[in-house]
Amino acid sequence: MNSFAAKRNSARLAISALLGTIAVLSNSGPAASADPGAPRDLGCAFAVYNNDGTHCFNDQDHQQHTVYIDQVTWVCAAQNAWAAFHYRPNPNDPEVEGRHLTSDGSFPDCQDFRGLPGNTVVTRYTIENW
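Residue numbering for the sequence shown is -33 to -1, 1 to 97, as defined by mature numbering (1 follows the signal peptide of the UniProt record, and there is no 0).
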């Protein structure tokens, strides 16, 4: 492994540690982006979709950013991007869950929150593009 790849892998591990344990997708969690209804052309590195529209973020500084976006329907990372984010199933829910998205380059990696009960809120995100 070359020095750049080693640093990138180290950064990914550090980001995952900052965001907490990344939960494994399960039947009760959001669906992966195999859904044909998933967004395809993001126009940004990381996008959160809700009833108000699209919230686009491009700050690929490997820093954790705090946001508050509720009524979430989709969360996506663009082609060739890696992103980690925190979400809450409901705004008042103290339980925060961590997820990550990794696109293979053919289409964005998206998670579908439309079928989850409640008001899903995205609270933090980190982006790394390569």
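Using N, Cα and C, we set each Cβ at its ideal position, and we do this for glycine too.
Check: Using DSSP with H/G/I as helix, E/B as strand and the rest coil, what is Q78?; Outcome: strand
Check: Taking C-beta to C-beta, are F84 and P56 nearer than 9 Å?; Outcome: The displayed chain sequence assigns Pro, not Phe, to residue 84. Yes, these two residues count as a Cβ contact at 9 Å.
Check: Would you call the stretch 35 to 42 and the stretch 10 to 26 in contact, with 3 or more CB pairs under 8 Å?; Outcome: yes
Check: For A5, which of helix, strand or coil comes out of DSSP?; Outcome: coil
Check: Does chain C have any CB closer than 9 Å to the CB of H32?; Outcome: This model lacks chain C altogether, as it is built from one protein chain only.
Check: Along the chain, where does the beta strand (DSSP E) that runs through N17 open and close?; Outcome: 13 to 17
Check: Using the beta-carbon count (16 or more within 10 Å), is Q30 buried or exposed?; Outcome: exposed
Check: Can you list, in chain order, the residues of its chain with a C-beta nearer than 8 Å to that of A(-23)? Leave out the 5 residues immediately preceding and following it.; Outcome: Bear in mind that the predicted position of A(-23) carries a pLDDT of just 44, short of 50, making it too unreliable to give a figure here.
Check: Residues in its own chain within less than 7 Å of Q27 by CB, not counting five upstream and five downstream?; Outcome: A12, I94, E95, N96
Check: Could you give the DSSP three-state label for E62: helix, strand or coil?; Outcome: coil
Check: Check whether the Cβ atoms of T33 and T90 lie closer than 9 Å to each other.; Outcome: yes
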